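To keep things clear, I will list the structure first and then write my remarks on it.
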Amino acid sequence: MQNAPLLRVEDLKVEFPTRRGRLVAVDGVSFDIAPGEVLGVVGESGAGKSMTGSAIIGLLEPPGRIAGGSISLDGRRIDNLPYEEMRKIRGKHIGAIFQDPLTSLNPLYSVGKQLVETIETHSDLSPTQARERALALLREVGIPAPERRIDQYPHQFSGGMRQRVVIALALCANPRLIVADEPTTALDVSIQAQIIALLKRLCREHGTAVMLVTHDMGVIAETADRVAVMYAGRVAEIGPVRDVIKNPKHPYTVGLMGSIPRIGRDEERLTQIEGSMPRLTEIPTGCAFNPRCPLVFDRCLRDRPDLIDVGPFHRVSCWKYAEGVGHA
Amino acid sequence: MPDTVMARPADARGAPAFVRAEGLSRYFDVSPPLLNRLLEGKPRQILRAVDGIDFAIGKGETFSLVGESGCGKSTVARLMVGLYRASRGTVEFDGHDFGRMTSRRAMAPIRSRIQMIFQDPYASLNPRWRVREIIAEPIRAYKLLSGDQAINARVDELLRQVRLTPADGVKFPHEFSGGQRQRISIARALASNPEFLVCDEPTSALDVSVQAQILNLMKDLQRELGLTYLFISHNLAVVYHISDRVGVMYLGRLAEVAPARTLFRQPRHPYTRMLLDTIPDMDMTGRQRTPVAGEVPSPINPPSGCSFHPRCPFANDRCKTERPNPIQQGDALIACHGVEEGRVPDGPIGTAQAA
Amino acid sequence: MADVTAPPGALRRFVDSDVFYSFRQSKVTVVAAIVTAIIVIGAFLGPWIAPHDTYDVRSLNLLDAFTPPVWSEGGNPSYLLGTDDQGRDVFSTILLGARVSLLVGFAATLFAMILGVLLGLISGYVGGTTDAVIMRIADIKLSFPAILIALLIDGVARGIIPRDMHDDLALYVVIFAIGISNWVAYARTVRGSTLVEKNKEYVQAARIIGLHPFTIMIRHVLPNVLGPVLVIGTLGLAGAILAEATLSFLGVGVPPTRPSLGTLIRVGNNFLFSGEWWMTIFPGVMLVILVLAVNLLGDWLRDALNPKLR
Chain A
2 MQNAPLLRVE DLKVEFPTRR GRLVAVDGVS FDIAPGEVLG VVGESGAGKS MTGSAIIGLL
62 EPPGRIAGGS ISLDGRRIDN LPYEEMRKIR GKHIGAIFQD PLTSLNPLYS VGKQLVETIE
122 THSDLSPTQA RERALALLRE VGIPAPERRI DQYPHQFSGG MRQRVVIALA LCANPRLIVA
182 DEPTTALDVS IQAQIIALLK RLCREHGTAV MLVTHDMGVI AETADRVAVM YAGRVAEIGP
242 VRDVIKNPKH PYTVGLMGSI PRIGRDEERL TQIEGSMPRL TEIPTGCAFN PRCPLVFDRC
302 LRDRPDLIDV GPFHRVSCWK YAEGVGHA
Chain B
98 MPDTVMARPA DARGAPAFVR AEGLSRYFDV SPPLLNRLLE GKPRQILRAV DGIDFAIGKG
158 ETFSLVGESG CGKSTVARLM VGLYRASRGT VEFDGHDFGR MTSRRAMAPI RSRIQMIFQD
218 PYASLNPRWR VREIIAEPIR AYKLLSGDQA INARVDELLR QVRLTPADGV KFPHEFSGGQ
278 RQRISIARAL ASNPEFLVCD EPTSALDVSV QAQILNLMKD LQRELGLTYL FISHNLAVVY
338 HISDRVGVMY LGRLAEVAPA RTLFRQPRHP YTRMLLDTIP DMDMTGRQRT PVAGEVPSPI
398 NPPSGCSFHP RCPFANDRCK TERPNPIQQG DALIACHGVE EGRVPDGPIG TAQAA
Chain C
319 MADVTAPPGA LRRFVDSDVF YSFRQSKVTV VAAIVTAIIV IGAFLGPWIA PHDTYDVRSL
379 NLLDAFTPPV WSEGGNPSYL LGTDDQGRDV FSTILLGARV SLLVGFAATL FAMILGVLLG
439 LISGYVGGTT DAVIMRIADI KLSFPAILIA LLIDGVARGI IPRDMHDDLA LYVVIFAIGI
499 SNWVAYARTV RGSTLVEKNK EYVQAARIIG LHPFTIMIRH VLPNVLGPVL VIGTLGLAGA
559 ILAEATLSFL GVGVPPTRPS LGTLIRVGNN FLFSGEWWMT IFPGVMLVIL VLAVNLLGDW
619 LRDALNPKLR
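Residue numbers (this note's numbering), protein chains in the order written: chain A, 2 to 329; chain B, 98 to 452; chain C, 319 to 628.
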């Protein structure tokens, strides 16, 4: 993490204007991703993790919009680019993988045509060369008999194979960053393992950085170098994956880790976080977690905590870790 | 849980099982329409969603079925509540065989004793009904109570039982989160004082912290009310947590049935072991998941013999031709020629070593 | 149970709803709704607010026939939009004609809706042979133009109903003819939605409880498939008003003694080229405004109820 970050997100704020007022879906989120690094972004539904991903690839669904902060790729601001320019960056420098492979593939074109088209858009290869490269990509993502399958249509592929095609599509232009939003959620557990292994191998071989958005701690534990835990549109805790999972600091992360059932651990009851994530319209003042926090004290109700260092690269937004403050 | 129930083999005839399935099968006709078959010469196609499975569940026990999508576990759930009729075999509940019952009247005596909890909390509640009406429906349908006052009091009690408040009764389903809706679904299932609950992936649409709340609630309710659960899930960790005994399904058949601890500590069937190998490692031991090659074949034309043989590293000619029958091994039932012949070694499959 | 707050009433929920919000946001829709409301109220109150009772033959004065509108040369202030060939006040005939048109439109639409929704529900929920039979009938029905079926039914009715009863029953024949030629759209839509709803888990839950299929259809499925029906119904109302106008224009609709807008247009059409334009233009404009307003309402309703556009 010593080298200059590839992606820097600073104080990002995403808003949705509705007729009942503005909803803040992402509220002051900051993190970096180094070249070749896998950052896991984990959280429950409504935590704002997918919204953060969409903001980075410039595909926020209207009326959602970036209302503050900045996103920079390689030192260049990309959050305020016009649509056309962002589209070029999205193809060439940032690849995207979504949960449902069918939404990323056009059902009317063969997978080969879609790959070749994308390759030709982002390079000056001839059609024959582009097809060669498409074949190589399909082979690389582990599609058997690519020469036969390249001319088939998305519906002729199984879910796992489709997700491989989507990964090949994301890799077409050799992007520096891939934003993967729940890439394995729709897949069976045995296929999930295959896709995770594939993603990891590709990152290693190509030096691609990955922002892996998921609700599945298991996938994060296996894949990510660092992890950011999100809650109610904010980062609750961020740090090296081993530290966060083995030694979580934020009371929410502690509860979250305890609520995951584990094989081999015989417990009559799982740790339970009482209550539920607040609706975006009802986020409390101070720390967003304060109504559910077992360690809450007066400052949590009043002031919003910033990220506080609790270890090397390990930061937590919780007043419990603020030195000499809080009990005033 | 008494050990006698845990250890009782699933096919032991005459054992005092509360719920029992024997040779249970459900076939679906997925043939193209008659006109297409005649004009294009296409054959009839039969999907064997469930193909001859046996299990028994003791009173107060939690029996889980686990497997990948398309293995037929949800079809079993629907057979067990009478939403589907069995194509072959029997489903017995407290001595009543209802697998082939055709009329609603014939099922009436046991209807109220069997209920179901569904996967999708957004589809399992009628969006036009108030919560109070949703929960009261079984009470009214079975005429368990009469008079609005008695019914309202019972609904309040049910709402409290699932840790909601009586005030929630006047709201509509869309005013609740997924976890709260699942509680409403549970309250509706409990309204008729059932003894047997079929739970079809009740937590797979929920976030993990909400899942923990629902799993805890289900365990509490089981203890308080003496419920018997058939729990369907694809999540092995959840299954481990909630189950007394587990059946692993593959392409409509049971590969292995064993007490939960035995199954997870000492999986015997190659498919069970493959499934366990794919679980993400949460304890950061550095163990690599072993991705298993291949995908689940289509249940329309399942492989001959043992349906797992194309993906099994131990398959031989016998596995390709002869369907294995479940055999008793300790407290587990395993349908595998390799295990029977002793040619499947213990320990993990593949190159990766467990820590 | 002191802690149980009273549920918000239906009106309160409607005013708070997204549908009502999108209504207020669309000016065109508000105008269309106001126009429709004025016409419907005017037509409903017609017998009381019309300046002349045009059904009362004794009050007609043939000397007043062919009076032009009040602003033209030779206009008479007591006949705002002029009079027709029998001296009937055009403004009054329009009010009373709109009343007949709306009555036929509403009744025919309601008839088509009930028939279509019922058949669609049964078709979708029961499935199998029942479904195949109902849907093939619908296909056959669709391969004839609706107006042809209406003409056929009208013709048959004229044949079997005694002549002296014909005028009394003509209205019901028209309603039946238009309704029977319009049920297919409802049936198909409801069948489609029913197929979707039927597989949802709340319907399965009701089946596990052991409710009678008919109870499930009416209590569970029906309320959840009515959204699109409302849209088709509104657009269908406009269509039914036009169909009635067409039939009456062709002379097979309601009897000329109780003219609808279509009858007025037909009668006035005979005099269009002799210069008495007002007899056909004013009912025509009224018909266009009414159908347009109802159609705009239907379009808005379709968009407002479509979750993808929200």
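Every residue gets a Cβ at the ideal spot worked out from N, C-alpha and C, and that includes glycine.
Since the structure is predicted, the reported quantities are computational estimates derived from the model, not experimental observations.
Any beta-carbon of chain A closer than 7 Å to the one on N398 of chain B? no
Buried or exposed: where does N379 of chain C fall if 16 or more other Cβ atoms within 10 Å of its Cβ makes it buried? exposed
CB contact below 7 Å: S51 of chain A versus chain B: no
Taking the alpha-carbon of E183 of chain A as reference, which of A:D33, A:E16, A:L24 and A:V43 has the nearest alpha-carbon? A:V43
Where does L348 of chain B sit, in a helix, a strand or coil, going by DSSP? coil
Along the chain, where does the alpha helix (DSSP H) that runs through G391 of chain B open and close? Careful: G391 of chain B lies outside any alpha helix (DSSP H) and carries neither H nor E.
Neighbour list for A251 of chain A in chain B, Cβ cutoff strictly below 7 Å: Sequence inspection shows His at residue 251 of chain A; the Ala mentioned does not correspond to that position. Correct list: empty, because the minimum Cβ distance to chain B is about 13 Å.
Just confirm the distance between the C-beta atoms of A56 of chain A and L7 of chain A, as a whole number of angstroms; I'd bet it's less than 8 Å. Between L7 of chain A and A56 of chain A the Cβ distance is about 16 Å, and since that is not below 8 Å, they are no contact.
Closer than 7 Å to chain A by CB, P377 of chain B: yes
Please specify which runs of the beta strand (DSSP E), each continuous and at least 3 residues long, are wholly inside the region 72-131 of chain A, giving them in chain order. 95-98
Taking Cβ positions only, does V354 of chain B come closer than 7 Å to chain C? no
Could you give the distance in angstroms between the alpha-carbon of L460 of chain C and the alpha-carbon of T354 of chain C? 30 Å
Three-state class that DSSP yields for F17 of chain A in the structure shown: strand
Neighbour flag for L242 of chain B against chain C, beta carbons, 7 Å: no
Return the residue from the list B:L324, B:V345 and B:P299 that minimises the CA-CA distance to P218 of chain B. B:P299
Burial state of F532 of chain C (16 or more Cβ within 10 Å): exposed
From F589 of chain C to M597 of chain C, what distance separates their C-alpha atoms? 8 Å
Classify P395 of chain C as buried or exposed, calling it buried when 16 or more other Cβ atoms lie within 10 Å of its own Cβ. exposed
Is the shortest distance between the beta-carbon of F160 of chain B and the beta-carbons of chain A less than 7 Å? no
If you scan the region 474-546 of chain C from start to end, which runs of the alpha helix (DSSP H) of 4 or more residues do you find wholly inside it? 481-498, 501-516 and 519-527
According to DSSP, is L256 of chain B part of a helix, a strand, or is it coil? helix
Is P546 of chain C close to chain B? Criterion is C-beta to C-beta, closer than 7 Å. no
Residues bridged to R235 of chain A [DSSP beta-bridge criterion]: A:Y232
Who are A355 of chain B's beta bridge partners in DSSP? B:V343
Extent of the continuous alpha helix (DSSP H) to which L144 of chain B belongs: Taken as a continuous stretch (DSSP letters only), L144 of chain B belongs to no alpha helix (DSSP H), being part of the beta strand (DSSP E) at I143 to I154.
In chain B, which residues lie with their C-beta within 7 Å of the C-beta of L529 of chain C? A238
How long is the line joining the alpha carbons of P480 of chain C and T411 of chain C, rounded to whole angstroms? 28 Å
Run through chain B and tell me which residues come within less than 9 Å of G37 of chain A, C-beta to C-beta. Here the premise fails: no neighbours, minimum Cβ distance about 19 Å.
Under 7 Å Cβ-Cβ, which residues of chain A neighbour Q216 of chain B? Ordered by position in chain A, no residue passes the 7 Å Cβ test against Q216 of chain B, which lies about 14 Å from the chain.
Quick check: what's the CA-CA separation for A298 of chain A versus P279 of chain A? Residue identity differs from the one stated: residue 298 of chain A is Phe in this sequence, not Ala. Answer to the nearest angstrom: the Cα atoms are 19 Å apart.
Count the other C-beta atoms from every protein chain shown that fall within 10 angstroms of the C-beta of L413 of chain C, then say buried if there are 16 or more, exposed otherwise. buried
When DSSP builds the beta bridges, which residues end up paired with H315 of chain A? A:G312
Where the beta strand (DSSP E) through A187 of chain A begins and ends: Here A187 of chain A belongs to no beta strand (DSSP E), and DSSP marks it neither H nor E.
Reducing DSSP to helix, strand and coil, say where T325 of chain B ends up. strand
Listed from N- to C-terminal order along the chain, which residues in the region 205-220 of chain A have their beta-carbon within a distance smaller than 9 Å of any beta-carbon of chain B? H216, D217, M218, G219 and V220
Could you name the residues of the same chain whose beta carbon sits closer than 8 Å to that of H406 of chain B, not counting the 5 residues immediately before and after it, in chain order? P400, A412, C416 and K417
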